[in-house]
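Visitor: Oh and the sequence shown: position 197 is 196 in numbering that gives the first Met the number 0, straight run, nothing missing.
Glycine included, C-beta positions come from ideal geometry on N, C-alpha and C.
None of these values were measured; they are calculated from a predicted model.
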Amino acid sequence: MEFYVRHAALRPRLIDDFTAVAANGLRKFELIEDEWEIVESICDVLEVLKEGTLLFSKNEPRLADVIPVMDVVDDVFSTMRVEKPDPKDATRTIEKTLSTSIQASMALGRRTLNKYYRSTDDSDVYRIAMVLHPEYKLKYFRDHNWEESWIDEARTITRARYDARYANRVDLLPKTAQKPADESDTVRFGLLDADLT
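Below, the structure written as structure tokens:
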């Protein structure tokens with residue numbers, strides 16, 4: 000199906016060749032142009048989901064990528080538009096508004112996505128992974144207009160886990176960062192705090 004959609008110029012000949020044999024009785028199932036546009040829209044939406052699926056199907060998927068991938072899917076599902084490469088200019092993209100029937104399906108898909116998105120709040124590891132990831136940190140949340148209270152909570156959760164599990168583990172620090180016995184933990188966490196933003 001994807002081949003037929005992506006190679007629209009070949010479509011009439013291929014379909015005619017396939018359905019021309021009267022004994023097949025397939026001519027009555029031939030799609031009209033409007034139906035092909037819907038099929039193309041379905042492929043565009045499925046492409047967004049495919050990219051996320053392939054990312055998580057790698058040998059080493061990263062926990063920190065869960066929220067950003069969900070954000071990409073949510074953006075497509077909430078705007079009801081997809082960006083595609085411009086066939087006339089490879090350096091540009093064109094925005095495509097999807098048909099009403101596809102938009103209705105996406106609204107249902109978004110409800111399901113949000114159910115899973117909310118479940119990331121049930122485990123601190125998603126937030127901690129994002130905050131500690133060198134590419135994301137707290138900046139990701141700011142750049143994506145997350146509520147400041149949620150960003151503060153992510154920082155608090157990360158710091159609490161650090162304090163509970165790692166603050167007193169001098170053996171994990173490089174020799175140059177190990178503190179004298181009388182130095183305050185706040186100074187040491189200040190180094191981590193600076194790295195989170």
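Considering Cα atoms alone, identify which of D16, D120 and D73 is closest to T111.
Guide: Along the sequence shown, read from residue 1 onward, the residue named residue 111 stands at position 112. Checking every option, the nearest Cα to that of T111 belongs to D73.
Visitor: Tell me whether the segment 131-144 and the segment 57-69 touch, counting them as touching only if at least three CB pairs, one residue from each stretch, are closer than 8 Å.
Guide: Touching, yes, given that three or more Cβ pairs across the two stretches are closer than 8 Å.
Visitor: Rounded to the nearest angstrom, what separates T99 and R164 at their Cα positions?
Guide: Sequence index remark: in the sequence shown, residue 99 carries index 100 (1-based). Sequence index remark: in the sequence shown, residue 164 carries index 165 (1-based). Taking the straight line joining both Cα atoms gives about 51 Å.
Visitor: Determine the extent of the alpha helix (DSSP H) in which A63 is found, giving its start and end residues.
Guide: The residue you call residue 63 lines up with position 64 of the sequence shown. Run containing A63: none; DSSP gives neither H nor E here.
Visitor: For R168, does the three-state DSSP call read helix, strand or coil?
Guide: In the sequence shown, counting from the first residue as 1, residue 168 sits at position 169. Reduced to three states, the DSSP call for R168 is coil.
Visitor: From which residue to which residue does the alpha helix (DSSP H) around I31 run?
Guide: Within the sequence shown, numbered from 1, the residue matching residue 31 stands at position 32. Here I31 belongs to no alpha helix (DSSP H), and DSSP marks it neither H nor E.
Visitor: Suppose the cutoff is 7 Å on Cβ atoms and the five residues either side in sequence are ignored; what does the same chain contact list for T92 look like?
Guide: By 1-based counting over the sequence shown, the position of residue 92 is 93. The residues are E82, K83, P84 and D85.
Visitor: Measuring alpha carbon to alpha carbon, tell me which residue in S77, I127 and S118 is nearest R109.
Guide: The residue labelled residue 109 in the question sits at position 110 within the sequence shown. Residue S77 is the option with its Cα nearest to R109.
Visitor: How about V68 and L54: do their beta carbons lie closer than 8 Å?
Guide: If you number the sequence shown from 1, residue 68 lands on position 69. If you number the sequence shown from 1, residue 54 lands on position 55. Going by C-beta atoms, V68 is nearer than 8 Å to L54.
Visitor: Where does the unbroken beta strand (DSSP E) through K95 begin, and where does it stop?
Guide: The sequence position of residue 95 within the sequence shown is 96, counting from 1. Segment D88 to T96, the beta strand (DSSP E) holding K95.
Visitor: Between I101 and V44, which are expected to be in contact by the criterion C-beta below 8 Å, what is the C-beta distance as a whole number of angstroms?
Guide: Within the sequence shown, residue 101 is the residue found at index 102, counting from 1. Within the sequence shown, residue 44 is the residue found at index 45, counting from 1. Their Cβ separation, rounded to whole angstroms, is 6 Å, which keeps I101 and V44 in contact under 8 Å.
Visitor: Is the CB-CB distance between L97 and S40 below 8 Å?
Guide: Here residue 97 refers to the residue found at position 98 when the sequence shown is read from its first residue. Here residue 40 refers to the residue found at position 41 when the sequence shown is read from its first residue. Cβ distance < 8 Å, so L97 and S40 count as in contact.
Visitor: Where do the N-terminal and C-terminal ends of the beta strand (DSSP E) with D85 fall, by residue?
Guide: Translated into the one-based positions of the sequence shown, residue 85 becomes position 86. Its beta strand (DSSP E) spans residues R80 to D85.
Visitor: Under 8 Å, do R126 and A103 count as touching if we go by C-beta distance?
Guide: Counted from its first residue, the sequence shown places residue 126 at position 127. Counted from its first residue, the sequence shown places residue 103 at position 104. Against a cut-off of 8 Å, the Cβ pair of A103 and R126 comes out as no contact.
Visitor: In the DSSP assignment, find the alpha helix (DSSP H) that holds D123 and state where it starts and stops.
Guide: On the sequence shown, position 124 is the one that residue 123 refers to. Looking at the DSSP string, the run of the alpha helix (DSSP H) that includes D123 is D123 to L131.
Visitor: Residues in its own chain within less than 7 Å of I156 by CB, not counting five upstream and five downstream?
Guide: Along the sequence shown, read from residue 1 onward, the residue named residue 156 stands at position 157. D123, R126 and I127.
Visitor: Between the alpha carbons of K138 and A89, how many angstroms are there, rounded?
Guide: By 1-based counting over the sequence shown, the position of residue 138 is 139. By 1-based counting over the sequence shown, the position of residue 89 is 90. If you take the alpha carbons of K138 and A89, they lie about 30 Å apart.
Visitor: Straight-line CA distance for I66 to K27?
Guide: Reading the sequence shown from its first residue, position 67 is the one you call residue 66. Reading the sequence shown from its first residue, position 28 is the one you call residue 27. Whole-angstrom Cα-Cα distance: 45 Å.
Visitor: Between which residues of its own chain and E94 is the CB-CB distance below 6 Å, once the five residues before and five after are set aside?
Guide: Position 95 of the sequence shown, counted from the first residue, corresponds to residue 94. Excluding residues within five positions, the ones whose Cβ falls inside 6 Å are R80 and E82.
Visitor: Mapping the DSSP letters down to three states, classify N113 as helix, strand or coil.
Guide: Stepping through the sequence shown from its first residue, residue 113 is reached at position 114. Three-state result, N113: helix.
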